[in-house]
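Novice: Residue numbers (this note's numbering), protein chains in the order written: chain A, 1 to 197; chain B, 1001 to 1165. Cβ coordinates follow ideal geometry from the N, Cα and C atoms, glycine included.
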Amino acid sequence: MKDLLLTFTVLSNDSNQPEALATIRMLEGARKSPEPAGSAEPARRDRYTMRLPGEQWAISVAIPGYKVEREQTREGRTGIMMGGTHEGQKMNLSIFLEREKGPRTSDQCRKKYFQPALSTSPEMSEIRRWETDALALGQYLINIKEMVAFDQMHMHAYLGKDDACLDLHLSKVGFEEADRALFDEVFSSVRIERVAD
Amino acid sequence: MNSTHLGGTMLRAVVISLSGLFFSLGSAADSPNPDAVSWKRIQLPNHGAIDLPAPRAWRMEARKPGEKPALTFEFGPSEGDAFSVLMTAIWSPLNDPHFNASSRVLKLVESGRARVKNQSMEEEIPIQEYRGEQSAGYYFTSTDRDPDSGRGCHEGFAVDLYGAE
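1) Counting only C-beta atoms, is residue 157 of chain A closer than 8 Å to chain B at any point?
2) With DSSP run on the structure shown, which of helix, strand or coil describes residue 1073 of chain B?
3) Where does residue 1118 of chain B fall in DSSP's three states?
4) Throw me the rounded Cβ distance for the residue 1087 of chain B and residue 1099 of chain B pair, which I believe falls under 8 Å.
5) Is it buried or exposed, residue 110 of chain A, if we count other Cβ atoms within 10 angstroms and call 16 or more buried?
6) Counting along the chain, where does the alpha helix (DSSP H) carrying residue 186 of chain A start and finish?
7) Here's a check: name, in chain order, each residue in its chain whose Cβ is nearer than 6 Å to the Cβ of residue 1052 of chain B, leaving out the five neighbours to either side.
8) Tell me which residues share the same chain as residue 58 of chain A and place their Cβ nearer than 7 Å to its Cβ, disregarding the 5 neighbours each side in the sequence.
9) Enumerated in chain order, which unbroken segments of the alpha helix (DSSP H) with a length of 4 residues or greater are wholly contained in the segment 96-120 of chain A?
10) Looking at the unbroken beta strand (DSSP E) that takes in residue 23 of chain A, where does it start and where does it end?
11) Cα-Cα, which of A:106, A:64, A:143, A:100 is closest to residue 91 of chain A?
12) Report yes or no: is there a C-beta of chain B within less than 8 Å of the C-beta of residue 33 of chain A?
13) Please name the residue or residues paired with residue 1083 of chain B in a DSSP beta bridge.
14) Distance, Cα to Cα, residue 115 of chain A vs residue 178 of chain A?
15) Using a Cβ cut-off of 8 Å, pull out every chain A residue sitting near residue 1118 of chain B, in sequence order please.
16) DSSP beta-bridge partners for residue 1053 of chain B?
17) Could you say which of A:170, A:8, A:10, A:60 lies nearest to residue 161 of chain A if we only look at CA atoms?
18) Any heavy atom of the ligand NAP within a distance shorter than 7 Å of the CB on residue 169 of chain A?
19) Beta-carbon within less than 8 Å of residue 1050 of chain B's beta-carbon, same chain only, minus the 5 sequence neighbours each way: which residues are those?
20) Taking the CB atoms as reference points, tell me whether residue 97 of chain A and residue 79 of chain A lie closer together than 8 Å.
21) What did DSSP end up calling residue 7 of chain A once you bin it into helix, strand or coil?
22) Going along chain B, which residues have a C-beta under 7 Å from residue 26 of chain A?
23) Residue 141 of chain A and residue 156 of chain A - do their beta-carbons sit closer together than 8 Å?
24) What does DSSP give as the partner residues of residue 48 of chain A in its beta bridges?
25) Below 8 Å, can you find three or more Cβ-Cβ pairs linking the segment 22-35 of chain A to the segment 1116-1126 of chain B?
26) Excluding the 5 residues preceding and the 5 following residue 1140 of chain B in the sequence, name in chain order all residues of the same chain whose CB lies nearer than 6 Å to its CB.
27) Which residues in chain C sit within 7 Å of residue 1049 of chain B, going by Cβ to Cβ distance?
28) Please report how far the alpha carbon of residue 67 of chain A lies from the alpha carbon of residue 1075 of chain B, in whole angstroms.
29) Tell me residue 1144 of chain B's beta-bridge partners as DSSP assigns them.
30) Can you name the residues of chain A whose CB is closer than 7 Å to the CB of residue 1090 of chain B?
31) So, is residue 127 of chain A buried or exposed, given that buried needs 16 or more other C-beta atoms within 10 angstroms?
32) Verify whether the separation of the beta carbon atoms of residue 163 of chain A and residue 104 of chain A is less than 8 Å.
33) Counting C-beta neighbours from all protein chains within 10 Å, is the total for residue 167 of chain A 16 or more, i.e. buried, or is it exposed?
34) In this structure, does DSSP put residue 1103 of chain B in helix, strand or coil?
35) Spatial neighbours of residue 94 of chain A within its chain, please: CB distance less than 6 Å, with the 5 preceding and 5 following residues excluded, ordered by chain position.
36) By the 10 Å Cβ neighbour count, where 16 or more other Cβ atoms means buried, how is residue 130 of chain A classified, buried or exposed?
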């Protein structure tokens, strides 16, 4: 496979760097597994609902046209995520709902998650933060000049509800201003729904 | 520049590494000791999966779940936050067959090294190469000169996420 990179960063206070050596050893032993034949077609859903265990509410987001490709629950069930794509619009989507240690506002959720998100690429511009009635949002554009056509707009919408934070993340390669409506369409569809036991 | 808060603890970026990965047959790396490792899988949508022989004591969890074409995972100790290993899978959104060409990736690594040089304790930061069973890549090591300042910690992360063949 010639279009795949695996990159790594090791952070440690140990000047002997045992983790760095272990990481190199891990990479030396890395193996590629092929895509399984006959993989099931990812599910398409018009609306996606996500609920933390024990809560009487759920987050609901309209995602027409998106294929749900990944769904994971963190060990201990303190976090849930899904990931998907919209092939026609060339959009990527992820929704992450995580239990916090206390009540959180949308702005607090943004402070926790957006700043680390800004650390994930060296070539970041158009960083912006804004709010709607319920959501705290943020965006950044990644444009790595050494990689042709890698310009990618990322937008996050954060929502604090009780002691939980939602991080709704959309991204699109080759972003143009007209594409902003595609992001807004998803963000404006976020709802909190009451759930009966 | 290369320090970050993780779980409330300031970590010094002793090691800044950049690596790419290509898969081809060859090389004579020893298989990892099965008793010492726990195989971790990074599932790539429509691109198969990467299996990594991680130290048994390491945990792995998604850091930015769902993002594509980059998928970032964090390895760390089973308890605490003494270290952090961030690993990101990236592939060409345009199926560029030269996406991980050696020359291109090396240029990225050199670019990353140039960015951290002013903040590094080392005057010289050599780029090293590794060759594994099915992959090869480059990396470098740098020690943050002022890890407690918190300056530029995000850039430190960012620069270092792209690399090698």
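Specialist: The structure says:
1) Not one chain B Cβ lies under 8 Å of residue 157 of chain A.
2) Here DSSP, grouped into helix, strand and coil, assigns residue 1073 of chain B to strand.
3) Looking at residue 1118 of chain B - three-state DSSP - the assignment turns out to be helix.
4) Incorrect: roughly 18 Å between the Cβ atoms, too far for contact.
5) Buried, by the Cβ-count rule.
6) Following the DSSP letters along the chain, one finds residue 186 of chain A inside the alpha helix (DSSP H) bounded by residues 180-187.
7) In chain order, 1040 place their CB closer than 6 Å to the CB of residue 1052 of chain B, counting only its own chain and leaving out the 5 sequence neighbours on each side.
8) Spatial neighbours of residue 58 of chain A in its own chain (CB-CB distance under 7 Å, excluding positions within 5 residues in sequence) are listed in chain order as 49, 50, 51, 193, 195.
9) Here the runs fully enclosed are 106-117.
10) No beta strand (DSSP E) holds residue 23 of chain A; the alpha helix (DSSP H) holding it covers 18-28.
11) Per the Cα distances, A:64.
12) It does; some Cβ of chain B falls within 8 Å.
13) A:12.
14) C-alpha separation (whole angstroms): 26 Å.
15) Contact of residue 1118 of chain B with chain A by beta-carbon distance below 8 Å is absent, the smallest such distance being about 15 Å.
16) Per DSSP, B:1039.
17) For residue 161 of chain A, the closest C-alpha among the options A:170, A:8, A:10, A:60 is that of A:60.
18) This structure lacks the ligand NAP; in fact it carries no ligand of any kind.
19) 1021, 1041, 1042, 1044, 1089.
20) Judged by beta-carbon spacing, residue 79 of chain A lies within the 8 Å limit of residue 97 of chain A, meaning their Cβ atoms are closer than that value.
21) Three-state DSSP puts residue 7 of chain A in a strand.
22) Under a criterion of Cβ atoms nearer than 7 Å, the residues of chain B adjacent to residue 26 of chain A are, in order, 1052, 1053, 1054.
23) Against a cut-off of 8 Å, the Cβ pair of residue 141 of chain A and residue 156 of chain A comes out as no contact.
24) Bridge partners of residue 48 of chain A according to DSSP: A:61.
25) Verdict: no, contact absent.
26) 1113, 1125, 1127.
27) Annotation note: the requested chain C is absent from the structure, which comprises protein chains A and B.
28) Straight-line measurement puts the Cα of residue 1075 of chain B at about 28 Å from the Cα of residue 67 of chain A.
29) Within the DSSP bridge table, the entry for residue 1144 of chain B names B:1120 as partners.
30) Those within 7 Å of residue 1090 of chain B in chain A are 5, 7.
31) Taking every protein chain shown into account, the CB of residue 127 of chain A has fewer than 16 other CB atoms within 10 angstroms, so this residue is exposed.
32) For residue 163 of chain A and residue 104 of chain A, yes; Cβs fall inside 8 Å.
33) Classification of residue 167 of chain A: buried, given that the 10 Å Cβ count is 16 or more.
34) Note: residue 1103 of chain B maps to helix in three-state DSSP.
35) The beta carbon of residue 94 of chain A is closer than 6 Å to those of 83, 169 in its chain, skipping five residues each way along the sequence.
36) Residue 130 of chain A should be labelled exposed.
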